[in-house]
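J.:
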Amino acid sequence: MSNAFAVDRAFAVIAFKRRLAYKAQWLVALVLGGGAMLVSMAMWRELLSGGALSGYDWDAMRAYVIIGFITATMVFGAADWHIADRILDGHVAIDLTKPVDFQRARAAEYVGSMFSTVPTVALGVLGAWILFDPPGPASATAGVLTAVSLVLVFPLAFGLTYLTVLVCFWTKRYLGVMWLREALLAFFSGMMIPLAFMPSWLQAVAWALPFPHFTTTPSAIYLGHVDTAGALGLLAAEAAWAAGMWFGARIVFNHAVRKVTVHGG
Amino acid sequence: MADTTLRASAARHAGGVYWRSLVAQIRAITEYPADFWVMASAGVMWNVLQFAFLTVLFAAVPDVAGWRYHEMLMLSGLLTVAAGSTALLCDGVWSTGTYVLKGEIDYRITRPAPVVVQVATSHIGMQGFGEVGFGLVMVAYGWIGAGMGLAAVPVGVLGLACAIVIECALITALCAVNFWLKGNNSIFAFVLLDLQHNAMTMPLALFPAAVKIVTMFVVPVAFVNFVPVAVLTGHLTSWWLVGPPLTAAASVLLAAGLYRLGLRSYDSSGH
Numbered sequence: 237m238s239n240a241f242a243v244d245r246a247f248a249v250i251a252f253k254r255r256l257a258y259k260a261q262w263l264v265a266l267v268l269g270g271g272a273m274l275v276s277m278a279m280w281r282e283l284l285s286g287g288a289l290s291g292y293d294w295d296a297m298r299a300y301v302i303i304g305f306i307t308a309t310m311v312f313g314a315a316d317w318h319i320a321d322r323i324l325d326g327h328v329a330i331d332l333t334k335p336v337d338f339q340r341a342r343a344a345e346y347v348g349s350m351f352s353t354v355p356t357v358a359l360g361v362l363g364a365w366i367l368f369d370p371p372g373p374a375s376a377t378a379g380v381l382t383a384v385s386l387v388l389v390f391p392l393a394f395g396l397t398y399l400t401v402l403v404c405f406w407t408k409r410y411l412g413v414m415w416l417r418e419a420l421l422a423f424f425s426g427m428m429i430p431l432a433f434m435p436s437w438l439q440a441v442a443w444a445l446p447f448p449h450f451t452t453t454p455s456a457i458y459l460g461h462v463d464t465a466g467a468l469g470l471l472a473a474e475a476a477w478a479a480g481m482w483f484g485a486r487i488v489f490n491h492a493v494r495k496v497t498v499h500g501g
Numbered sequence: 010m011a012d013t014t015l016r017a018s019a020a021r022h023a024g025g026v027y028w029r030s031l032v033a034q035i036r037a038i039t040e041y042p043a044d045f046w047v048m049a050s051a052g053v054m055w056n057v058l059q060f061a062f063l064t065v066l067f068a069a070v071p072d073v074a075g076w077r078y079h080e081m082l083m084l085s086g087l088l089t090v091a092a093g094s095t096a097l098l099c100d101g102v103w104s105t106g107t108y109v110l111k112g113e114i115d116y117r118i119t120r121p122a123p124v125v126v127q128v129a130t131s132h133i134g135m136q137g138f139g140e141v142g143f144g145l146v147m148v149a150y151g152w153i154g155a156g157m158g159l160a161a162v163p164v165g166v167l168g169l170a171c172a173i174v175i176e177c178a179l180i181t182a183l184c185a186v187n188f189w190l191k192g193n194n195s196i197f198a199f200v201l202l203d204l205q206h207n208a209m210t211m212p213l214a215l216f217p218a219a220v221k222i223v224t225m226f227v228v229p230v231a232f233v234n235f236v237p238v239a240v241l242t243g244h245l246t247s248w249w250l251v252g253p254p255l256t257a258a259a260s261v262l263l264a265a266g267l268y269r270l271g272l273r274s275y276d277s278s279g280h
């Protein structure tokens, strides 16, 4: 790896190791994510026993719920508090004196922490595959494009999280902001219920936001609800959101950093 | 006789300390109005979206395992009120692990009031205001929509009171585990609350028998919201109404007992 990425790699590895040090978190994430997945499976098995609803039959829904579990575990298991704490306790002031870009360093740490969810994801998916035997991707191309979509969740999740964490410069607290973000993400991504069930105006609202790309985009590609051209379009939109939030965050940070206070001073 | 008088006096004293501490926390909150509104809004948001989830779902299906829209709203609403109440009435118990780690139980032991009362009132979760408020709206909307009249109100009030007591007691009991399993986070209580929000907002008929047995007789969270709402809506017979008060009493005894045992094993920090 070139020197240009050596610092990023170091930040990512440290964040990854820090998360792995707390092994109880794996178990908790597995119990919480696995529990939510099992409840969801139980509900949809009952509701879809009479046939398909809004384009989803029991086969498709099994795959959909597992994809939702994967993305939820990746996003909700990442180290957003680590970034927020640096702003809240004033460490950001020290970070600004370091010869590294603040946003890029936090991105590396965040992605590193997302990789720490891999054991939980792997174990959860393995268990779900054994219990529910979901269908495979609609085609080999769909499988590859689904994987690309899941890879794009990394920068997308960072952009969304980082932008909301920056609100801490004004609010001085993070918990409420985090809850608001997680609630909106769970609903508008389709993790709670597929967007296809929503009325058209609510679907339009959802698609005007970055949230659907966390669950609806990878599952739509996987299940073949869109053709290859449609899948590429969705991936382009997902990448555009990731890039837009990255550069948008730079603008917000430049304004927010003027608000920095250290322990109230 | 003297014993009874002393116990009554101690209970009155503990109650007085509890309310004075809680009122002091509320006064502190009013000094930070912006913080209050952010947290209360966050508390409301999850429940607004749970409301939206049910509304979207029931536009596509007539019922879930025999439960209709308004009944499911009551199920979610009652759990929201119970969970929100823990944030308002005993949010400090979540800090038990931190206090144990830092040895901050020490000076609470020396003060003339029960330690669990002092710990429980050391904090208020402001999201609780939003959760309780919106939870009550969901219950009321579901109640009216399900066509239930005023005659069922006493049963509803009993179910609500028991739900709050059971939830507070179970969370306190699971936070007391941190006396033995050292750590800042009350993992067991957190897991319980999260699984409740996932599983107990659904009819128990969806799940295997093992889940029903566990939620009724091992970790009796079914008596928080499922049993009262099932009785009110006719999914269970009225005999089941005996369950919530009995569970509330058992949960309080469990929480008090665990906290007392925890205090006995507490050895401050650094020993």
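Sequence order for the protein chains is A and B. Here my numbering is used: position 192 in the first sequence is 428, and no number is missing along the way. Here my numbering is used: position 179 in the second sequence is 188, and no number is missing along the way. Positions of the beta carbon are idealized from the N, C-alpha and C atoms, including for glycine.
State buried or exposed for A/Phe241, treating a residue as buried only when at least 16 other CB atoms are found within 10 Å of its CB.
T.: The residue is exposed, with fewer than 16 neighbouring Cβ atoms inside 10 Å.
J.: Does the CB of B/Ala311 have a neighbour CB from chain A at under 7 Å?
T.: With chain B running from 10 to 280 in the structure shown, residue 311 of chain B is simply not present.
J.: Looking at the C-beta of B/Pro200, does it have a partner C-beta in chain A at a distance below 7 Å?
T.: Rather than Pro, the amino acid found at residue 200 of chain B in this sequence is Val. Yes, because at least one Cβ of chain A sits closer than 7 Å to the Cβ of B/Val200.
J.: From the beta carbon of A/Gly363, is the nearest beta carbon of chain B less than 7 Å away?
T.: It does not; no Cβ of chain B falls within 7 Å.
J.: For my contact list, B/Gln136 and B/Gly52 are in at a C-beta cut-off of 8 Å; report their separation, rounded to the angstrom.
T.: Contact flag correct, Cβ pair sits at about 3 Å.
J.: Tell me whether B/Val228 sits in a helix, a strand or coil according to DSSP, three-state version.
T.: Coil.
J.: Along the region 428-441 of chain A, what residues have a CB closer than 8 Å to any CB found in chain B?
T.: The region 428-441 of chain A vs chain B, Cβ under 8 Å: Met428, Ile429, Phe433, Met434, Pro435, Leu438.
J.: Count the other CB atoms, across all protein chains shown, that sit within 10 Å of the CB of A/Arg322; report buried if there are 16 or more and exposed otherwise.
T.: Buried is the call here.
J.: Taking Cβ-Cβ distances shorter than 8 Å, what residues in chain A pair up with B/Ile196?
T.: In chain order: Ala260, Val264.
J.: Report the residue from A/Tyr292, A/Leu324, A/Met310 whose alpha carbon sits nearest the alpha carbon of A/Tyr410.
T.: The residue with the shortest Cα to Cα distance from A/Tyr410 is A/Leu324.
J.: Determine the direct distance from the alpha carbon of B/Thr210 to that of B/Ser85, and round the result to whole angstroms.
T.: The straight-line gap from Cα to Cα measures roughly 5 Å.
J.: For B/Leu82, which option in B/Gly112, B/Asp44, B/Leu58 has the closest C-alpha, if you only look at C-alpha atoms?
T.: Nearest option by C-alpha distance: B/Leu58.
J.: Measuring only the C-alpha atoms, how far is B/Val166 from A/Gly469?
T.: Straight-line Cα distance between these residues: approximately 54 Å.
J.: Just the C-alpha distance for A/Asp462 and A/Leu438, rounded to the nearest angstrom, thanks.
T.: Note that residue 462 of chain A is Val in the sequence shown here, rather than Asp. Each residue's alpha carbon lies about 20 Å from the other.
J.: Output the boundary residues of the alpha helix (DSSP H) element that contains A/Tyr458.
T.: Run containing A/Tyr458: 452-459, per the alpha helix (DSSP H) assignment.
J.: Using CA atoms only, rank isn't needed, just tell me which of A/Ala248, A/Ala393, A/Leu402, A/Ala288 is closest to A/Thr307.
T.: Closest by alpha carbon: A/Ala393.
J.: Taking C-beta pairs closer than 8 Å, name the residues in chain B that A/Ser267 reaches, listed in chain order.
T.: Contrary to the premise, residue 267 of chain A reads as Val rather than Ser in this sequence. Near A/Val267 (Cβ distances below 8 Å), the residues of chain B are Val200, Leu204.
J.: Using a Cβ-Cβ cut-off of 7 Å, state whether A/Phe405 counts as contacting chain B.
T.: No, its Cβ sits nowhere closer than 7 Å to a Cβ of chain B.
J.: Short check: CB of A/Gly291 to CB of A/Ala432, under 7 Å?
T.: Closer than 7 Å, so yes.
J.: List the DSSP bridge partners of A/Tyr292.
T.: Note: A/Tyr292 sits in a beta bridge opposite A/Leu289.
J.: 7 Å is my cut-off, CB to CB: does A/Phe423 come that close to chain B?
T.: By this cut-off, A/Phe423 is an interface position.
J.: Identify every residue that forms a DSSP beta bridge with B/Trp76.
T.: Note: B/Trp76 sits in a beta bridge opposite B/Val73.
J.: Please report the distance separating the alpha-carbon of B/Trp249 from that of A/Leu256.
T.: Rounded to whole angstroms, B/Trp249 to A/Leu256 spans 46 Å at the Cα level.
J.: Helix, strand or coil for B/Phe216 per DSSP?
T.: B/Phe216: coil per DSSP, three-state reduction.
J.: So what's B/Gly156 in DSSP terms, helix, strand or just coil?
T.: Correct three-state label for B/Gly156: coil.
J.: For B/Ala161 versus B/Leu241, is the C-beta spacing smaller than 7 Å?
T.: Yes.
J.: Against A/Leu289, what residues of chain B qualify as contacts under a CB-to-CB distance less than 9 Å, listed in chain order?
T.: The contacting residues are Ala69, Val70.
J.: What did DSSP end up calling B/Asn4 once you bin it into helix, strand or coil?
T.: Nothing about residue 4 of chain B can be read from this structure; chain B reaches only from 10 to 280.
J.: Using three-state DSSP, classify A/Arg409 as helix, strand or coil.
T.: Coil, per DSSP.
J.: Specify the secondary structure class of B/Asn234 as computed by DSSP and reduced to three states.
T.: In this structure, B/Asn234 counts as coil in the three-state DSSP scheme.
J.: Please tell me whether B/Met81 has its Cβ less than 7 Å away from any Cβ of chain A.
T.: Judged by the 7 Å Cβ criterion, B/Met81 is not in contact with chain A.
J.: If I follow the unbroken alpha helix (DSSP H) through A/Trp477, where does it start and stop?
T.: Its alpha helix (DSSP H) spans residues 464-492.
J.: Taking a Cβ distance cut-off of 7 Å, strictly less, list which residues of the region 205-231 of chain B are near chain A, in chain order.
T.: Listed in sequence order: Asn207, Ala208, Met211, Leu215, Phe216.
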